[in-house]
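Peer 1: The numbers in numbering that gives the first Met the number 0 rise by one with no breaks, and the one at position 47 of the sequence shown is 46.
Sharing a structure, written as structure tokens. Questions coming.
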Amino acid sequence: MDFSKIDFTHDCFVDLHVGNYGSLSGLFFSGKTDLATLERIFTDSHDWQKSFQREGRQYVMGFVDPGNVQLITFIQHAFTTQKELDEKFYREHGFYEQSHDFFDIWFDSDVSDVQISFPYLN
């Protein structure tokens with residue numbers, strides 16, 4: 000894989016696959032720290048192939064073992080950050096915003112593969 004053709008600064012889509020069900024939930028990440036961590040994980044992934052198109056950009060995906068320690072640490076940190084944002088929203092508005100099922104699937108399901116997708120450079 001020629002990583003010089005991939006834009007690691009735009010955004011990244013992380014998609015959870017569970018057994019024969021395939022993709023159950025995905026989440027976009029765009030923060031600089033998140034992208035830097037996901038870039039390191041992506042460059043260690045495997046089975047790279049074209050993924051989807053979004054906003055006129057072609058994405059490339061790689062698969063990561065859900066037991067990857069860097070990935071586990073990243074998702075746990077993202078979950079903690081999201082919970083803090085949820086609590087802040089609750090304090091300001093008096094109700095919880097509808098939460099994304101990404102973390103529920105990560106913690107409650109037997110995730111078989113994790114797909115990470117970055118766009119190609121324009």
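Think of the CB as a built atom: it goes at the ideal place given N, C-alpha and C, for glycine as much as any other residue.
What do you get for Ile151, buried or exposed, if any count of 16 or more other CB atoms within 10 angstroms of its CB means buried?
Peer 2: Limits of the chain in this structure are 0 at one end and 121 at the other, which puts residue 151 out of reach.
Peer 1: DSSP has Gln57 in a bridge; who is on the other side?
Peer 2: In DSSP, Gln57 forms a bridge with Gln52.
Peer 1: Measure the C-alpha to C-alpha separation of Pro65 and Val110 and round it to an integer number of angstroms.
Peer 2: Cα to Cα, the separation comes out at about 7 Å.
Peer 1: In angstroms, rounded to a whole number, what distance separates the CA positions of Asp1 and Ser44?
Peer 2: Each residue's Cα considered, the two are about 13 Å apart.
Peer 1: Based on the DSSP secondary-structure assignment, which residues constitute the bridge partners of Ile71?
Peer 2: DSSP, once it has assigned bridges, lists no residue as partnering Ile71.
Peer 1: Taking only the alpha-carbon atoms, compute the straight-line gap between Leu23 and Gln114 and give it to the nearest angstrom.
Peer 2: Straight-line Cα distance between these residues: approximately 11 Å.
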